[in-house]
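Step one of this worksheet: look at the structure below.
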Amino acid sequence: GNSVTQMEGPVTLSEEAFLTINCTYTATGYPSLFWYVQYPGEGLQLLLKATKADDKGSNKGFEATYRKETTSFHLEKGSVQVSDSAVYFCALGSSASKIIFGSGTRLSIRP
Amino acid sequence: DAGVTQSPTHLIKTRGQQVTLRCSPKSGHDTVSWYQQALGQGPQFIFQYYEEEERQRGNFPDRFSGHQFPNYSSELNVNALLLGDSALYLCASSLVGTGGNSPLHFGNGTRLTVT
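Respectively, the protein sequence lines represent chains A and B.
Take the first sequence: its position 31, counting from 1, is numbered 31 in my numbering, and each next residue is one higher.
Take the second sequence: its position 67, counting from 1, is numbered 178 in my numbering, and each next residue is one higher.
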């Protein structure tokens with residue numbers, strides 16, 4: 001069945017460091033891919049999405065490219081800030097009209 | 112523009128009891144999905160409601176049931192609570208016709224603790 005595997009955390013970086021959080025997926029068909037973020041005490045928020053191969057989603061300095069050949073959707077940011085500290089979830093939109101989430105990666109940024 | 116609202120925010124129940132959680136979708140949305148998020152884990156899909164019917168269901172027992180009302184709001188009911196049902200329950204809304212490609216809008220969740 002469809003599934004998402006993402007980099008285990010926690011990940012701790014210094015402010016202004018480069019961030020990569022790896023995500024790979026298994027799916028039939030052509031799903032959409034998402035990154036959601038969960039700040040402390042809040043619900044999940046959509047960070048970015050890509051709906052087809054080679055699409056690049058971007059938002060708030062974060063980027064991810066839908067790579068069908070490697071079944072990946074890695075999240076990147078060139079210079080992280082303390083306010084980026086949160087849990088990040090890679091997700092897949094299946095044809096069965098439900099979103100499947102990875103297990104999440106906790107990111108902590110040191111000032 | 113009101114987002115997804117859930118009530119209550121926190122709930123403590125005893126094993127064997129029943130619980131009802133409530134959700135109002137984002138304005139303009141007609142589809143409600145429920146997720147269970149155990150501590151340190153990603154959300155797990157419970158079921159999805161559209162046009163007052165359950166459309167999709169995840170791998171959850173029949174103790175988990177739901178309902179959607181004509182105004183699109185929804186309830187999640189859990190019977191015969193187990194300790195393992197302790198989790199954050201998230202409601203998410205979306206617009207029909209976009210299937211699995213529709214970004215979900217989440218509420219802040221209901222934290223259920225079963226003792």
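Think of the CB as a built atom: it goes at the ideal place given N, C-alpha and C, for glycine as much as any other residue.
Exposed or buried, residue i, counting other C-beta atoms within 10 Å across all chains shown (16 or more means buried)?
i                    : result
alanine 91(A)        : buried
threonine 224(B)     : exposed
glutamine 6(A)       : buried
alanine 64(A)        : buried
aspartate 54(A)      : exposed
glycine 177(B)       : buried
threonine 12(A)      : exposed
tyrosine 30(A)       : exposed
phenylalanine 180(B) : exposed
leucine 150(B)       : exposed
glycine 102(A)       : buried
glycine 139(B)       : exposed
serine 144(B)        : buried
serine 32(A)         : buried
Tell whether a beta-carbon distance below 8 Å holds between residue i and residue j.
i                 : j                   : result
alanine 198(B)    : glutamine 147(B)    : yes
isoleucine 109(A) : leucine 215(B)      : no
glutamine 117(B)  : asparagine 190(B)   : no
leucine 107(A)    : glycine 43(A)       : no
leucine 192(B)    : glycine 127(B)      : yes
proline 154(B)    : leucine 201(B)      : yes
glycine 57(A)     : alanine 50(A)       : yes
glutamine 38(A)   : valine 82(A)        : no
proline 119(B)    : threonine 221(B)    : yes
valine 207(B)     : tyrosine 161(B)     : yes
serine 204(B)     : lysine 137(B)       : yes
threonine 24(A)   : asparagine 2(A)     : no
glycine 104(A)    : phenylalanine 89(A) : yes
If you follow the beta strand (DSSP E) that residue i is in, where does it begin and where does it stop?
i                : result
arginine 133(B)  : 130-135
glutamate 63(A)  : 62-65
glycine 121(B)   : The amino acid at residue 121(B) is misidentified as glycine; the sequence shows histidine. Where histidine 121(B) is concerned, the enclosing beta strand (DSSP E) stretches over 121-124.
threonine 135(A) : The requested residue 135(A) does not occur in the structure, where chain A is confined to residues 1 to 111.
valine 11(A)     : 11-14
leucine 92(A)    : 86-93
alanine 50(A)    : 44-50
asparagine 59(A) : 56-59
aspartate 103(A) : Contrary to the premise, residue 103(A) reads as serine rather than aspartate in this sequence. Element bounds for serine 103(A): n/a, residue is neither H nor E.
tyrosine 39(A)   : From DSSP, tyrosine 39(A) is part of no beta strand (DSSP E); its letter is neither H nor E.
valine 225(B)    : 221-225
glutamate 162(B) : Here glutamate 162(B) belongs to no beta strand (DSSP E), and DSSP marks it neither H nor E.
leucine 75(A)    : 75-77
Just grab the DSSP bridge partners of residue i for me.
i                    : result
histidine 178(B)     : Glu186(B)
serine 205(B)        : Thr142(B)
threonine 116(B)     : Ser135(B)
glutamine 6(A)       : Cys23(A)
alanine 198(B)       : Leu223(B)
phenylalanine 217(B) : Ala203(B)
serine 72(A)         : Thr24(A) and Arg67(A)
phenylalanine 156(B) : Tyr146(B)
Along chain C, in chain order, which residues have C-beta atoms closer than 8 Å to that of residue i?
i              : result
leucine 201(B) : Considering every chain present, this structure includes no chain C. Its protein chains are A and B.
Practice task
Give a yes or no on contact between the stretch 130-145 of chain B and the stretch 173-186 of chain B, applying the rule of three or more CB pairs nearer than 8 Å.
Solution key: yes
Practice task
Determine contact between the stretch 68-83 of chain A and the stretch 5-25 of chain A, defined as no fewer than three beta-carbon pairs at a distance below 8 Å.
Solution key: yes
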